[in-house]
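Trainee:
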Amino acid sequence: MNALAPQPVTQDVFRSEILRHLTFTVGKDAAHASVHDWRMALSHALRDRIVAPWFSATRRTWAEDRKRVYYLSMEFLIGRILEDASINVGLREIAGAALADLGQDFASVAGTEPDAALGNGGLGRLAACYMESMATLGCPAYGYGIRYEHGLFRQEFNGGHQVEFAEDWLSQKHPWEFERPECAYDIGFKGQVEVKGGRSVWHPGESVRASAFDTPVVGWAGRWANTLRLWAAQPTQHFDLKRFNRGEYTAAAEPETLARTISRVLYPEDTTHEGKELRLKQEFFLTSAAIQDILRRYLDTHSDLRALPSKVAIQMNDTHPALAGPELIRLLTDAHGLPFEEAIEIARSCLGYTNHTLLPEALERWSTWLMGNVLPRHMQIIERIDEDHLASHPKRKHYVGIVKHHEVRMGELAFIMSHRVNGVSALHSDLVKERLFPELHALHPDRIINQTNGVTPRRWLRMANPALSSLVTNTIGSGWEDHLDRLRELEPHVEDRGFRDAFAAAKRANKAATSNWVAETTGVRVDPGALFDVQIKRLHEYKRQLLNILQTISEWHEIRENPQADFVPRVKIFGGKAAPGYVVAKEIIHLINDVAEVINNDPAVGDRLKVVYPANYNVSMAERLIPASDLSEQISTAGKEASGTGNMKLALNGALTIGTLDGANVEIRDHVGAENFFLFGLTAHEAVERRNDPEHSRHAIEACEALQVVLQLLAEGRFSPDQTDRYLGIVDRVWHHDYFLVASDFAAYRDAQRRVDDAYRDPDGWARMAALNTARMGFFSSDRAVRGYMKEIWKTTSAL
Ligand code: 26V
408 MNALAPQPVT QDVFRSEILR HLTFTVGKDA AHASVHDWRM ALSHALRDRI VAPWFSATRR
468 TWAEDRKRVY YLSMEFLIGR ILEDASINVG LREIAGAALA DLGQDFASVA GTEPDAALGN
528 GGLGRLAACY MESMATLGCP AYGYGIRYEH GLFRQEFNGG HQVEFAEDWL SQKHPWEFER
588 PECAYDIGFK GQVEVKGGRS VWHPGESVRA SAFDTPVVGW AGRWANTLRL WAAQPTQHFD
648 LKRFNRGEYT AAAEPETLAR TISRVLYPED TTHEGKELRL KQEFFLTSAA IQDILRRYLD
708 THSDLRALPS KVAIQMNDTH PALAGPELIR LLTDAHGLPF EEAIEIARSC LGYTNHTLLP
768 EALERWSTWL MGNVLPRHMQ IIERIDEDHL ASHPKRKHYV GIVKHHEVRM GELAFIMSHR
828 VNGVSALHSD LVKERLFPEL HALHPDRIIN QTNGVTPRRW LRMANPALSS LVTNTIGSGW
888 EDHLDRLREL EPHVEDRGFR DAFAAAKRAN KAATSNWVAE TTGVRVDPGA LFDVQIKRLH
948 EYKRQLLNIL QTISEWHEIR ENPQADFVPR VKIFGGKAAP GYVVAKEIIH LINDVAEVIN
1008 NDPAVGDRLK VVYPANYNVS MAERLIPASD LSEQISTAGK EASGTGNMKL ALNGALTIGT
1068 LDGANVEIRD HVGAENFFLF GLTAHEAVER RNDPEHSRHA IEACEALQVV LQLLAEGRFS
1128 PDQTDRYLGI VDRVWHHDYF LVASDFAAYR DAQRRVDDAY RDPDGWARMA ALNTARMGFF
1188 SSDRAVRGYM KEIWKTTSAL
């Protein structure tokens, strides 16, 4: 028997394991342990249970010499780990009971865990879902990222303004990671390139050490576990004792401070590229450490680098790790002596690139000056890749290529260096072909494919929504957690009144709990019977939180104009952060808070309309709000949201969508049925056409009296009595600079909200539609998405 295989766990066994860790790992006596101590003890007891599947998975991968997937991402937006891990190893109930035995409450203990917020939004959370699905599917994989000391900033509101504070998740010990000081690589920057005996030798002018920290990621039922390897930057030079002894204390610590800057903080911009040297260094730091680690592991048991693609698949999560191509070529040629032409083919066969955005301001472009200065050898290789591509495609248009106008375009680099490029929803992948890379697509018609995003049902249904999960299990049995298509079996039950009532009751219970939470966190009392209308996502003009708040103002005005009319009570819930430098987004946050202040304190409105905006939206807040949502706001300007994944989580949890034909909304609507989805607005092609009319907003405003009223109220300062001109800028933008077509879609949005009200007036009809959403969302499991990547991009199979 395997000595490492742990005893089968009973409540008593697990209880004593918690106590053992409390004593020997935490060093505390039960009588004096704090909630934090209990969390550490519980986490270690659980971690022990993950080590066995982790070791056996790793051993099998070695023994069977399996192809491994390497997921390179600057962001992993994990959230809390404890409860999710306990569910996946099947110990959630036992852990709860064992803790109760010890006088502790599982939710209170788990609730003290800080979110691992190593990401901004969609792209980072997708990486976390895919890690969990790769583990569930038994796909041997490593995630590679950066161990930021400070994750995404903490948001507070002060007088309605967003204020940012440094996030500090590592101020407490992180119990899930294993430090691997023996696994470290030097990462060079700057310096010169010398040609010696026909080979290029790069002599970096600076270097830092990338040191590994491993976190196991366990899949459903504990059948498999992979590694998330995060790199921390450390100085290569040792502490300068001579300077210290001379009394130069700060100077002695300088190299250390400098090196650590690289993994100090996550960049909080998720849509605007700034050509900052530190960001480029972070990207190369991650990429070089990962590629060195991948080659080291391969060469441990193989010697022929030509066969690398049979054992290695590298996925680039957007262009942030796009230096993977040049870095792999550099190591294959400069360090291992392969000819350039072979190196480029090997690299391309290993690499895949996922595009997550079409927004021009988000596309990474580095000046050739900065690239040449920070990474001189890579700049040469990039130029060579570009020349090689032009030579193979002599008809390539003069404006196509990687290096243009003294800039390196990372999208083109990633495209040319990958054997597959994928978009993240059907519509987005079409737009990647049509709008982003039309010429490269013509030259490589089979390269761009689609892999529609997905979300993990373990975290986003089973864990976040125990009420609905129990109903599902009681109705169709267990097993849906890793076969989400089985939710279809709910459909016949939807015709059953008892099932619909139970479905509505689960939603109602979640709303009641969330009402209490809203009162505690915002001070606003909301009616759990009201329609919970939820828009939770990063603040961005294209996501059109502005459209939502303008419609809210319109609704408020109507209630005041027709106090006797029969309004459907609503709670408008907003959540999300703005990039600290994004002035317009911050103005919209201020507006939402100002509008909330007026509406929530208007006695003429009462419980018919409330607006709440709890600060510091993060993964944990999403887990709280999504199960309590009735209406999911997915109202981006068509053509701008690559996919969305919050839209999937909400629909899966029985929220109906009000949305445009954008990103994955299109496919969600196809799956749940057009009659169970509130569609409105211009299509992606209509939006482009609409902008050809230079007066599009004026025309839209003149045609819509309700919008005129709203803009008038704003201009009068009705929501900013202390500063009546505060929102003139917003009013002016809607009139004259409305690139995101808020005015053009306003009337249609308002009509759609009317249809929502009408539908909500029939509670049973609403429950039917909501239940059909849950029943038909199985396609959007990240297991399906990862299977797609395995088959179409990584060419790998499950080890299970
Ligand atoms: C972009 C940039 C631009 C350069 C500066 C740093 C930085 C950091 C992150 C990003 C990523 C933005 C792209 C992104 O998050 N896209 C979202 O990806 C989701 C997953 O595919 C998708 O559902 C969302 O629609 C898409 O906006």
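Counting along the sequence shown from 1, when you hit position 272 you're at 679 in the numbering used here, and nothing is skipped either side.
Positions of the beta carbon are idealized from the N, C-alpha and C atoms, including for glycine.
1. What does the alpha-carbon distance come out to for the pair Leu739 and Tyr592?
2. Could you check whether the region 1083–1099 touches the region 1044–1061, counting it as contact only if at least three pairs of C-beta atoms, one from each stretch, sit closer than 8 Å?
3. Val396: buried (16+ other C-beta within 10 angstroms of its C-beta) or exposed?
4. Please report the residue range of the beta strand (DSSP E) in which Trp773 lies.
5. Report all residues from its chain with a CB closer than 7 Å to the CB of Arg951; omit the five preceding and five following residues, and keep chain order.
6. If I follow the unbroken alpha helix (DSSP H) through Ile742, where does it start and stop?
7. To which residues of the same chain is Trp609 closer than 6 Å at the C-beta, ignoring the five residues directly before and after it?
8. Tell whether a beta-carbon distance below 9 Å holds between Met481 and Pro728.
9. Would you grab the beta carbon distance between Leu1038 and Val941 for me? Rounded to a whole angstrom, and I think it's under 8 Å.
10. Could you say which of Gly605, His645, Tyr806 lies nearest to Phe747 if we only look at CA atoms?
11. For a test of your reading of the model: does the CB of Glu684 fall under 8 Å from any non-hydrogen atom of ligand 1? Yes or no.
12. In this structure, does DSSP put Ser441 in helix, strand or coil?
13. Tell me whether Cys536 sits in a helix, a strand or coil according to DSSP, three-state version.
14. Can you list, in chain order, the stretches of the beta strand (DSSP E) that have 3 or more residues and sit fully within the region 1104–1186?
15. Can you give me the C-alpha to C-alpha distance between Ile501 and Phe431, rounded to a whole angstrom?
16. List in chain order: all unbroken beta strand (DSSP E) runs of 3+ residues lying wholly within the region 642–693.
17. Of the choices Glu962, His443, Gly567, Ala1029, whose alpha-carbon is the least far from that of Glu994?
18. Just the C-alpha distance for Lys979 and Ala920, rounded to the nearest angstrom, thanks.
19. Take Gly818 as the anchor and find which of Arg466, Gly612, Leu665, His680 has the nearest alpha-carbon.
20. For the candidate residues Arg865, Thr634, Pro611, Gly612, whose alpha-carbon lies nearest to that of Ala619?
21. Does ligand 2 have even one heavy atom less than 8 Å from the beta-carbon of Ser695?
22. Counting only runs that start and end within the region 1056–1088, where is the beta strand (DSSP E) found for 3 or more residues in a row?
23. At the level of alpha carbons, what is the spacing between Gly982 and Asp1190?
24. Quick check: the Cα distance between Pro547 and Ala470, rounded to an integer number of angstroms?
25. Measuring only the C-alpha atoms, how far is Leu820 from Leu777?
26. From Gln569 to Ile996, what does the alpha carbon distance come to, in whole angstroms?
27. Going residue by residue through the region 494–541, where are the continuous beta strand (DSSP E) segments of at least 3 residues, counting only ones entirely within it?
28. Excluding five sequence neighbours on each side, which residues of the same chain lie with their C-beta closer than 6 Å to the C-beta of Leu953?
29. Do Gly526 and Phe483 have their C-beta atoms closer together than 9 Å?
30. CB of Glu681 to nearest heavy atom of ligand 1: below 8 Å?
31. Just list the residues that DSSP pairs Phe981 with in beta bridges.
32. Hey, out of Ala517, Lys474, Ala909, whose CA is closest to Asp1171's CA?
33. Among Thr694, Leu894, Gly552, which residue has its Cα nearest to the Cα of Ser876?
34. For a quick check, are the C-beta atoms of Phe513 and Glu490 less than 9 Å apart?
35. Straight-line CA distance for His581 to Ile488?
36. Once the 5 residues before and after Met408 are set aside, which same chain residues still bring their CB inside 7 Å of it?
Mentor: So, from the listed chains and residues:
1. Distance between the alpha carbons of Leu739 and Tyr592 is about 17 Å.
2. Yes, since at least three Cβ pairs between the region 1083–1099 and the region 1044–1061 fall closer than 8 Å, the two stretches touch.
3. An answer regarding residue 396 cannot be provided, because it is not within the stretch 408 to 1207 covered by the chain.
4. Unbroken beta strand (DSSP E) run through Trp773: 772–774.
5. Once the five neighbours on either side are set aside, the close Cβ partners of Arg951 are Ile1042, Ser1043, Thr1044, Phe1147, Val1149.
6. Note that residue 742 is Ala in the sequence shown here, rather than Ile. Going by DSSP, Ala742 is part of no alpha helix (DSSP H) at all; its letter is neither H nor E.
7. Counting only residues of its own chain and dropping the five nearest sequence neighbours on each side, Trp609 has a CB closer than 6 Å to the CB of Val600, Arg784.
8. The answer is yes: Cβ separation under 9 Å.
9. Confirmed, about 7 Å.
10. Checking every option, the nearest Cα to that of Phe747 belongs to Gly605.
11. Glu684: no, Cβ never under 8 Å from ligand 1.
12. Three-state result, Ser441: coil.
13. Helix, per DSSP.
14. You should have found no qualifying run.
15. Going by the C-alpha atoms only, they are around 21 Å apart.
16. Whole beta strand (DSSP E) segments, 3+ residues: zero.
17. Ranked by Cα distance from Glu994, the options Glu962, His443, Gly567, Ala1029 are led by Gly567.
18. When rounded, the separation of the alpha-carbon atoms in Lys979 and Ala920 is 16 Å.
19. That would be His680, whose Cα lies nearest to the Cα of Gly818.
20. It is Thr634.
21. The model on display carries ligand 1 but not ligand 2.
22. Listed in chain order, the beta strand (DSSP E) elements of length 3 or more contained wholly in the region 1056–1088 are 1063–1066.
23. It is roughly 27 Å from the alpha-carbon of Gly982 to the alpha-carbon of Asp1190.
24. In this structure, the CA atom of Pro547 is about 12 Å from the CA atom of Ala470.
25. Straight-line spacing of the CA atoms in Leu820 and Leu777 works out to 16 Å.
26. Between Gln569 and Ile996, the C-alpha separation is close to 7 Å.
27. Fully enclosed beta strand (DSSP E) runs of 3 or longer: 523–525.
28. Excluding residues within five positions, the ones whose Cβ falls inside 6 Å are Ile995, Val1149.
29. The answer is yes: Cβ separation under 9 Å.
30. Short note on Glu681: C-beta closer than 8 Å to some heavy atom of ligand 1.
31. For Phe981, which the question treats as bridged, DSSP gives the partners Gln942.
32. Nearest of Ala517, Lys474, Ala909 to Asp1171, Cα basis: Ala909.
33. Looking from the CA of Ser876, the closest CA among Thr694, Leu894, Gly552 belongs to Leu894.
34. Phe513 places its beta carbon less than 9 Å from that of Glu490.
35. Roughly 10 Å between the two C-alpha positions.
36. Summary for Met408: the model assigns pLDDT 39, below 50, so the residue's position carries little reliability, and this model does not support an answer.
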